[in-house]
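Residue numbers (our numbering): 527 to 611.
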Amino acid sequence: TDRDLVVVTNSVPIAARLATMPSVSLQVLGGRVRGVTQAAVGGQALRVLDTLRVDIAFIGTNALSVRHGLSTPDTEEAAVKRAMV
C-alpha cells in the first residue's frame, strides 16, 4: 500500500530488524535495556506508552494463564507489558 506502517517497540532486536525497512515508520521506546530480553523497561518507556493509542498490539510473554493472563518474572517488564495492553 501507499501507507507506512507505524511500529512502536521496546525490543532492541525487533527495532534493528525493522530499521532498514522503508515502509516502516519506527519508534523505539526509551529506558533501561534488560540484557536478558533486550527490552527497554522503566519509567521512560511507561511515560511514552501512556500517551499512545494503538490499533493492534503484538506482545510477547513468558507464560499465559486463563486465570491470570500474561506472565513474566520481571516486574519492570510486567509494568511495560501492562501499559501496552
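The beta-carbon is built from N, C-alpha and C at its ideal position, and this holds for glycine as well.
Assigned secondary structure, residue i (DSSP; H/G/I helix, E/B strand, else coil)
i, result
"G561", "coil"
"V538", "helix"
"G595", "strand"
"V611", "coil"
"A566", "strand"
"L555", "coil"
"V580", "coil"
Distance, residue j Cα to residue i Cα
i, j, result
"G561", "K607", "17 Å"
"G568", "R529", "32 Å"
"S549", "I585", "21 Å"
Member of the options whose CA lies at the smallest distance from the CA of residue i
i, options, result
"L531", "D576, N588, A545", "A545"
"R579", "A609, S591, E602", "A609"
"D600", "V534, V533, I540, T563", "T563"
Distance CB(residue i)-CB(residue j) smaller than 8 Å
i, j, result
"A571", "G556", "yes"
"A565", "N536", "yes"
"V559", "V538", "yes"
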